[in-house]
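In my numbering, the protein residues as written are 3 to 97.
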């Protein structure tokens, strides 16, 4: 695993056949991410998850640092990031 100093940026992970995960990334992109970018203009967010809906795919905006990456072959994608975001507003699981 990469040490903290070698890590950068933000990541979120969730399968998009689960509606709470779709809601989470839409809320993240519309309300949370703009606040982070206002303080950290160079920050990047990578969104991983199988079966991204059309609404999720439309969030892809490299100019604003938001990258919809789709399916992650393993959770090793977390090793490069400094912060894991999990903005779930409803549903079962970890919040």
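Every residue gets a Cβ at the ideal spot worked out from N, C-alpha and C, and that includes glycine.
query, result
"Thinking residue 76 and residue 9 are a contact (beta carbons under 8 angstroms), I'd like their distance in whole angstroms, please.", "17 angstroms between Cβ atoms; not a contact."
"I believe residue 51 touches residue 15 by the beta-carbon criterion, under 8 angstroms. Please report the beta-carbon distance rounded to the nearest angstrom.", "6 angstroms"
"Out of curiosity, what's the CA-to-CA distance linking residue 19 and residue 7?", "34 angstroms"
"Is DSSP giving residue 63 helix, strand or coil here?", "strand"
"Measuring alpha carbon to alpha carbon, tell me which residue in 13, 32, 92, 12 is nearest residue 60.", "32"
"Can you list, in chain order, the residues of its chain whose CB lies under 8 angstroms from that of residue 12, leaving out five sequence neighbours each side?", "38, 45, 46, 47, 48, 83, 84, 85, 86, 87"
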